[in-house]
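Colleague:
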Amino acid sequence: MCMTDNQGGVLNYYHNNFSAPDCGVPHFTESKFRVCPDVGHNSSDDDNGRVRTFFTAVLNEAERERLCRNMAGHLKGPQLFIQKRMVQCLTVDQDYGSRVQALLDKYNAKSHRERCVSGGKAGPHTHQAVLAILFYGK
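The UniProt record's numbering numbers the first residue of the sequence shown as 1 and each following residue consecutively.
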């Protein structure tokens, strides 16, 4: 339980895409130690197979649709470049990624139309939404 003002509502996580200070530390360094026998990374291992199987073989069509709507619903708020990164993660199954992207396209286009019709000031996403509409044609 937090007994203070919890930093007064300031961000407690600064992602480097949003003006966080660059700490200058490399993102990773290669480990250097010897083991016997020799070991290595096997890039042919598929760690996304279970997600793909879950989407294609475990879920029925209605469940797949709900999952895609749920994911897109939670992704409609972030900026487009974040949406794009997440959709890339969801393309462990092409249909999964495509469905979520199609729903995001609708949400982004609707959001843009509402801003234009309401006469509200252009927000930070307006330029990105226009580009998305021009690029995706929706």
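Glycine included, C-beta positions come from ideal geometry on N, C-alpha and C.
1) Hey, would you say residue 71 sits closer than 8 Å to residue 90, going by beta carbons?
2) Between which two residues does the alpha helix (DSSP H) holding residue 79 run?
3) Restricting to runs no shorter than 3 residues, where is the beta strand (DSSP E) found entirely within the segment 45-110?
4) With a threshold of 16 other CB atoms inside 10 Å of the CB of residue 108, please say whether the residue is buried or exposed.
5) If you check the beta carbons only, do residue 100 and residue 51 fall under 8 Å apart?
6) Would you call residue 33 buried or exposed, if buried means 16 or more other Cβ atoms sit within 10 Å of its Cβ?
7) Measure the alpha-carbon distance for residue 88 versus residue 37 and round it to whole angstroms.
8) Do residue 104 and residue 67 have their C-beta atoms closer together than 8 Å?
9) Answer with buried or exposed for residue 79, where buried requires no fewer than 16 other C-beta atoms within 10 angstroms of its C-beta.
10) How long is the line joining the alpha carbons of residue 106 and residue 54, rounded to whole angstroms?
Modeller: Here's the rundown:
1) yes
2) Premise fails: residue 79 is in no alpha helix (DSSP H) and is neither H nor E.
3) none
4) buried
5) no
6) exposed
7) 36 Å
8) no
9) exposed
10) 26 Å
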